[in-house]
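Chemist: Listed in order, the protein sequences are those of chains A and B. Those letters in the first sequence? Residues 1 to 614, per my numbering, in order. Those letters in the second sequence? Residues 1 to 484, per my numbering, in order. For glycine and all other residues, C-beta sits at the position ideal for the given N, C-alpha and C. None of the values given here were measured: they were computed from a predicted structure. Could you have a look at this structure, given as structure tokens, before my questions?
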Amino acid sequence: MRVDSSFENRRGVILAIILGVALLFVIRLAVLQLFSDEYDQYADSNARLKVTITPERGVLYDRNGKVMAYNSAYYDVMVTIREMKNFDTITFCRCLDITPDYFVKRMKDIRNRKLNPGYSTYTPQVFMTQLTMQQSGPLQESLYRLPGCSIRERSLRSYSRPVAAHALGYVGEVDKKDIERDNYYVAGDMSGRSGVEKMYERQLRGQKGVHYFLRDVHGRVKGSYENGILDQEAIPGKDLTLSLDLDLQEYAEKLMANKRGAIVAIEPSTGEILAYVSSPTYDPALLVGNASSSNYATLQRSEDKVFLNRPIQSFYPPGSTFKPLQGLILLQEQIVTPQTSVGCSQGYVFGSQKMGCHSHPSPLSLVPAISTSCNAWFASGYRSMIDAKKYKTPANALDVWNSHAYSFGYGHKLGVDIAFEASGSLPTTAYYNKVYGKGSWKGATIISNSIGQGEILATPMQIANLCATIANRGWYRIPHLVKGIEGDEIDTAFTNIHYTTVGAEHFPCIVEGMHGAVTNPIGTSKGVAIPGIEVCGKTGTAQNSHGDDHSIFMCFAPMDEPRIAMVVFIENGGFGATWAVPMASLILEKYLKGFIDPSRHPIEERLENANLMQ
Amino acid sequence: MATRDSIGRTIDYQVVLIYLLLMLWGWITIYSASYDFDSSSIFSLDISSGRQLMWIGISLLAGGVLMFIDTKTFYNLADLVYFLIIILLCVTIVIAPDTKGSRSWLYIGSFALQPAEFAKFATALALAKYVDKSGYTPGNIRRNFFSWAIILLPVMLIFLQKETGSALVFLSLFFVLYREGMPGTLLLVAVLAIVDFILAVKFGEEMLWNFTGRGLFYVLLLTQIIFIVLLFVENPREGTIWRKVALVHAGVLALGAVVNKFLWQFNLCYVQIALLLLSVLLVLFLHVKKGLRKVLLTVAMVLGSIAFLYGVSYIFEKVLQPHQRVRIEVLLGMIDDPSGAGYNVNQAKISIGSGGFFGKGYLQGTQTKLKYVPEQDTDFIFCTVGEEFGFLGCTILIGLYVYLLIRLIQMAERQRSRFVQVYGYCVVSVLFFHILVNIGMVLGIMPVIGIPLPCFSYGGSSLLGFTILLSIFLKLDAERFKYN
Numbered sequence: 001m002r003v004d005s006s007f008e009n010r011r012g013v014i015l016a017i018i019l020g021v022a023l024l025f026v027i028r029l030a031v032l033q034l035f036s037d038e039y040d041q042y043a044d045s046n047a048r049l050k051v052t053i054t055p056e057r058g059v060l061y062d063r064n065g066k067v068m069a070y071n072s073a074y075y076d077v078m079v080t081i082r083e084m085k086n087f088d089t090i091t092f093c094r095c096l097d098i099t100p101d102y103f104v105k106r107m108k109d110i111r112n113r114k115l116n117p118g119y120s121t122y123t124p125q126v127f128m129t130q131l132t133m134q135q136s137g138p139l140q141e142s143l144y145r146l147p148g149c150s151i152r153e154r155s156l157r158s159y160s161r162p163v164a165a166h167a168l169g170y171v172g173e174v175d176k177k178d179i180e181r182d183n184y185y186v187a188g189d190m191s192g193r194s195g196v197e198k199m200y201e202r203q204l205r206g207q208k209g210v211h212y213f214l215r216d217v218h219g220r221v222k223g224s225y226e227n228g229i230l231d232q233e234a235i236p237g238k239d240l241t242l243s244l245d246l247d248l249q250e251y252a253e254k255l256m257a258n259k260r261g262a263i264v265a266i267e268p269s270t271g272e273i274l275a276y277v278s279s280p281t282y283d284p285a286l287l288v289g290n291a292s293s294s295n296y297a298t299l300q301r302s303e304d305k306v307f308l309n310r311p312i313q314s315f316y317p318p319g320s321t322f323k324p325l326q327g328l329i330l331l332q333e334q335i336v337t338p339q340t341s342v343g344c345s346q347g348y349v350f351g352s353q354k355m356g357c358h359s360h361p362s363p364l365s366l367v368p369a370i371s372t373s374c375n376a377w378f379a380s381g382y383r384s385m386i387d388a389k390k391y392k393t394p395a396n397a398l399d400v401w402n403s404h405a406y407s408f409g410y411g412h413k414l415g416v417d418i419a420f421e422a423s424g425s426l427p428t429t430a431y432y433n434k435v436y437g438k439g440s441w442k443g444a445t446i447i448s449n450s451i452g453q454g455e456i457l458a459t460p461m462q463i464a465n466l467c468a469t470i471a472n473r474g475w476y477r478i479p480h481l482v483k484g485i486e487g488d489e490i491d492t493a494f495t496n497i498h499y500t501t502v503g504a505e506h507f508p509c510i511v512e513g514m515h516g517a518v519t520n521p522i523g524t525s526k527g528v529a530i531p532g533i534e535v536c537g538k539t540g541t542a543q544n545s546h547g548d549d550h551s552i553f554m555c556f557a558p559m560d561e562p563r564i565a566m567v568v569f570i571e572n573g574g575f576g577a578t579w580a581v582p583m584a585s586l587i588l589e590k591y592l593k594g595f596i597d598p599s600r601h602p603i604e605e606r607l608e609n610a611n612l613m614q
Numbered sequence: 001m002a003t004r005d006s007i008g009r010t011i012d013y014q015v016v017l018i019y020l021l022l023m024l025w026g027w028i029t030i031y032s033a034s035y036d037f038d039s040s041s042i043f044s045l046d047i048s049s050g051r052q053l054m055w056i057g058i059s060l061l062a063g064g065v066l067m068f069i070d071t072k073t074f075y076n077l078a079d080l081v082y083f084l085i086i087i088l089l090c091v092t093i094v095i096a097p098d099t100k101g102s103r104s105w106l107y108i109g110s111f112a113l114q115p116a117e118f119a120k121f122a123t124a125l126a127l128a129k130y131v132d133k134s135g136y137t138p139g140n141i142r143r144n145f146f147s148w149a150i151i152l153l154p155v156m157l158i159f160l161q162k163e164t165g166s167a168l169v170f171l172s173l174f175f176v177l178y179r180e181g182m183p184g185t186l187l188l189v190a191v192l193a194i195v196d197f198i199l200a201v202k203f204g205e206e207m208l209w210n211f212t213g214r215g216l217f218y219v220l221l222l223t224q225i226i227f228i229v230l231l232f233v234e235n236p237r238e239g240t241i242w243r244k245v246a247l248v249h250a251g252v253l254a255l256g257a258v259v260n261k262f263l264w265q266f267n268l269c270y271v272q273i274a275l276l277l278l279s280v281l282l283v284l285f286l287h288v289k290k291g292l293r294k295v296l297l298t299v300a301m302v303l304g305s306i307a308f309l310y311g312v313s314y315i316f317e318k319v320l321q322p323h324q325r326v327r328i329e330v331l332l333g334m335i336d337d338p339s340g341a342g343y344n345v346n347q348a349k350i351s352i353g354s355g356g357f358f359g360k361g362y363l364q365g366t367q368t369k370l371k372y373v374p375e376q377d378t379d380f381i382f383c384t385v386g387e388e389f390g391f392l393g394c395t396i397l398i399g400l401y402v403y404l405l406i407r408l409i410q411m412a413e414r415q416r417s418r419f420v421q422v423y424g425y426c427v428v429s430v431l432f433f434h435i436l437v438n439i440g441m442v443l444g445i446m447p448v449i450g451i452p453l454p455c456f457s458y459g460g461s462s463l464l465g466f467t468i469l470l471s472i473f474l475k476l477d478a479e480r481f482k483y484n
């Protein structure tokens, strides 16, 4: 049949529809391709796989260059399920020393999306983690027979000796807060959680690198992105040289075994911490790797407060170790002279009250008063100062007194490079005004402060720093654990000298008094004496309402050009001479001579074996 | 009898050239889409580009053979071919194995064929022959019925194979009937049906004032508006009456809305239906003496709309496959599911959008290369073009298709034989529908209906089917002067 031309005009309608649709397509294309760049970004995040390269953490050395903490390689066994064809399960199990049942169970767990949310058959899944080189060796050799199996290396902290846990701190996974605070971190990253690891995290962590890869929709890597021009190599962390003496540290910890307490030893001229013991302690390796979280929980639960960083976190009344400082303040304020003599009849009587004292010759001047730790001398001096007319009110006097004590590092954080330092406390006038009422307290009211009891609280670190300050005759550098940073300087906060408000001329008689405590037959610290070394010391007792008193002993040696200043603090150690004094003596000898004289081995043995923790 | 020389002189080289260009461009794009980093050669039979090359060879051979078949044969065998294809479609439903939910593939050795692709030219031939023989006249219901049946039979069978996309392609043949005189209002009605469907589905679940279905309300509102507009258009002389009707509709509806909002909640749709039915009765009453012809369309529209409305929810809930329902819902923005049903379209938009003006360059696309886009060498191949050849490439490709369609329309219009003209329009309609749905789907303005881009997408049956479809028209056109 011939064409019917009556509807020819409809051709125009059909053409219009076709052209309309084409126009619509071109407009839509223009919107997608020319006027919106959001799809570009989607495409990039879709296809670009960013692999972060974690740098090696800096190594920690002791002051003599001995390695304390380093990194060792651990191996995770990975399986890519889709590639596991002709998988030799028997060999696999034998290499890893696991049973076929365990293999089946693990594979089931991997496939369980509830346990393993990142499950994909295309990407490597973790089968076992943190194998040592020895454990993973057999598998490495058999990998060619195990398609789909791969080994991922990761590096974790190792420690050359199980010591200095509280000084070093530990490395753990970052938490939500860290990630919010510092966008360097992503979930799963490791960072220093305490101690040096935390304080020097920025130096130790280095700089992460990134490599970009192309990946397909299944997450499989398909080559380098843009030939790697965007890639950045990781910069390894900086090594740190700690001020600790590893041998001394180990020795001090050995002596402190089964005792609660703290030891801090400082090199007075530099402020470098030579030994830093918090007891009871733990093996830092416990907080590395697979078992770290369960170990952490166990340690956390223990009654011994293992994680309490005693040298900087525990604080007590400093007791008689405070007397040298008391003497210095009184001398500086010209309340007393070294010759001021105070009578003591087994105590100090003020008003109707009496502060007891042990028996010693009487009356005494300043030097023997320190040597014998006479309460009366310091109580009398302190009371004279607080009530002195020249300050007009006891409040003013206490303010002056406090400012001196403050300059020695009391009543505030010293600023050591160890995390979570406590500040101790110096009671202020405001505090006493509140307790007793303004104007209604005087020297006698707060007399306990004179002998380091009362409201004064100090950390072992502050006491050690006092000792170093006395050894230096009037100045200190803030105690610190890190003496060198690879390719960098340590913070000037640790190299600046802090002068006290007490003149250097007042120190010799205090030093003499502390020397007398060791050498004078009536001295309190005779047990610290080491043949051939001039040792200065001062005992102290911190009253403890829960049991035996805590014994404190601070000392430095040699008397001239001192190389070590130290505090030994033993909880429930009773009278200082029993535990703290001989322990300090041994540590001094070890550090200054390098060995313990055989004649003293019995003391060593007695101390090591003593258990004060029952 | 045509000779080699004569076909060489009379064949339309523009169409041949575009056909070859599309096929070649499609082939290199398929290589790019299936390209892997450790890739094999474009000719390797292990990858789709190699197999496509083989199909290109087979198609060219088939096209060549068709050039030497006497044109009368096409006319004479049209019914037989149609009949055989229908039988094959029936057989396929029964014997085809289940491939991703569809039963449309026949396997002959390692060859897989999709009979639905060949039903296109068969149906086109049969329809052309029927229209030619019977002389399509719009008013004749019996003839309409037969021409409709020719189209709807394969639609039904392919629906049963669960190949919705391919089945819908045949509906495009109504376009041909429009060209041949089917009332334009029917096309309009079809458009209206689609709009109604979208409204009804999109707002199907929502409620206005607790008792009134939002979807239903909108569709009825639309029906009321069109009803009144049609009244004015078709019988302008009775404008005063229609104005009153319009006022009553608006007034009652507003009152109903106010009552619903402030006083008492009820289903407003019943009020709408009542209004419409009463108005229809009024119209019928007014025209019962003047003859009902003038208002027939208006009345049919109203009644059809209401019937359709209740049909939609039935179709949507009961007839459509769950994944098809989800696709429609995603397209209508009813569910936002970028990693589920919306994933394909979302990824497609990302790859096209990342192409920019000039594209990333051949073989440089990352989205398609890394298999983010599914079916990237078949239904979603336009993504690869978009990512690698950019806006420029896409526009050129769309331009090629538009040029091809315009050229084919020109060719159809220059025929003296109605058979060839109708067949030509069938080719145009099928190609247009494929392009519209395929590119529209990739660009996110059509629901995801899996049909290939003609002569471009990977797929042997599709390429061969289109080649035969086109070749027959080329042959018929080349001998248009001989043919009566």
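Contact between the stretch 431-440 of chain B and the stretch 66-77 of chain A is defined here as three or more beta-carbon pairs at a separation below 8 Å; is this criterion met?
Modeler: Touching, no, given that fewer than three Cβ pairs across the two stretches are closer than 8 Å.
Chemist: Which term fits R243/B, buried or exposed, when burial requires 16 or more other beta carbons within 10 angstroms of its beta carbon?
Modeler: R243/B is exposed by the Cβ-count criterion.
Chemist: Pairing CB atoms from the stretch 92-106 of chain B with CB atoms from the stretch 118-131 of chain B, are three or more of them under 8 Å?
Modeler: Touching, no, given that fewer than three Cβ pairs across the two stretches are closer than 8 Å.
Chemist: Which residue or residues does DSSP assign as beta-bridge partners of Q207/A?
Modeler: Its beta-bridge partners are I235/A.
Chemist: For the putative contact between S36/A and G355/B, defined by C-beta atoms under 8 Å, what is the C-beta separation to the nearest angstrom?
Modeler: Between G355/B and S36/A the Cβ distance is about 12 Å, and since that is not below 8 Å, they are no contact.
Chemist: Return yes when the Cβ of E201/A is within less than 7 Å of the Cβ of V171/A, no when it is not.
Modeler: Not a contact, by the Cβ cut-off of 7 Å.
Chemist: Quick one: is L405/B near chain A, going by C-beta distance under 7 Å?
Modeler: Chain A, which has a Cβ nearer than 7 Å to the Cβ of L405/B, makes this yes.
Chemist: Considering just the uninterrupted stretch of the beta strand (DSSP E) at I151/A, what are its terminal residues?
Modeler: I151/A -> beta strand (DSSP E) spans 149-159.
Chemist: Would you check if the distance between the CB atom of I451/A and the CB atom of F378/A is smaller than 7 Å?
Modeler: Result yes, Cβ atoms of I451/A and F378/A sit closer than 7 Å.
Chemist: Check the Cβ-Cβ distances between E479/B and every residue of chain A, and say whether any is below 7 Å.
Modeler: It does not: the Cβ of E479/B has no partner Cβ on chain A nearer than 7 Å.
Chemist: Buried or exposed for S293/A, going by 16 or more other Cβ atoms inside 10 Å?
Modeler: So S293/A ends up on the exposed side.
Chemist: Please name the residue in R9/B, S147/B, Q347/B, K120/B whose C-alpha comes closest to that of L32/A.
Modeler: Looking at the Cα atoms, Q347/B is the closest of the given residues.
Chemist: Tell me the DSSP secondary structure of W446/B in three-state form.
Modeler: In the sequence as displayed, the identity of residue 446/B is Met instead of Trp. Coil.
Chemist: Looking at Y122/A and R82/A, is the spacing between their C-beta atoms short of 7 Å?
Modeler: Contact flag set, yes.
Chemist: Let me see if you follow: with CB-CB separation under 7 Å, is L23/A close to chain B or not?
Modeler: It does not: the Cβ of L23/A has no partner Cβ on chain B nearer than 7 Å.
Chemist: Enumerate in chain order the residues of its own chain whose CB-to-CB distance from V245/B is below 6 Å, with the five nearest sequence positions on each side excluded.
Modeler: Excluding positions up to five away in sequence, the list reads S279.
Chemist: What are the start and end residues of the alpha helix (DSSP H) that includes Y432/A?
Modeler: Counting along the chain, the alpha helix (DSSP H) containing Y432/A begins and ends at 429-436.
Chemist: What are the boundary residues of the alpha helix (DSSP H) that T524/A is part of?
Modeler: Run containing T524/A: none; DSSP gives neither H nor E here.
Chemist: Three Cβ pairs or more, each shorter than 8 Å: is that satisfied between the stretch 122-131 of chain A and the stretch 241-249 of chain A?
Modeler: They do not touch, by the three-pair rule.
Chemist: In its own chain, which residues sit with a C-beta less than 6 Å from the C-beta of Y391/A, not counting the 5 before and 5 after it?
Modeler: Around Y391/A: A397.
Chemist: Taking the straight line between their C-alpha atoms, what separation do you get for T393/A and A376/A?
Modeler: Looking at the two C-alpha atoms, the distance is approximately 23 Å.
Chemist: Among the residues of its own chain, which have a CB less than 6 Å from the CB of I273/A, if the five just before and after it don't count?
Modeler: Around I273/A: S243, I266, P479, L481.
Chemist: In chain A, which residues lie with their C-beta within 8 Å of the C-beta of L443/B?
Modeler: F25, R28, L29, L32, listed in chain order.
Chemist: Within a Cβ cutoff of 7 Å, which residues of the same chain sit near R111/A, ignoring the five residues on either side of it in sequence?
Modeler: If we look at R111/A and ignore the five residues flanking it on each side, its Cβ neighbours are Y119.
Chemist: Distance check for G206/A and L230/A, CA to CA, integer angstroms please.
Modeler: Cα-Cα distance, rounded: 19 Å.
Chemist: Taking C-beta to C-beta, are K349/B and G256/B nearer than 7 Å?
Modeler: No, these two residues do not count as a Cβ contact at 7 Å.
Chemist: So is R10/A in contact with chain B if we call contact Cβ pairs under 7 Å?
Modeler: Closer than 7 Å: yes.
Chemist: Would the beta-carbon of I381/B fall within 7 Å of that of S457/B?
Modeler: Taking 7 Å as the Cβ cut-off, I381/B and S457/B qualify as a contacting pair.
Chemist: DSSP state of S551/A, grouped into three classes?
Modeler: Here S551/A sits in strand by DSSP.
Chemist: So, is the C-beta of I18/A closer than 7 Å to a C-beta in chain B?
Modeler: So yes, I18/A belongs to the interface.
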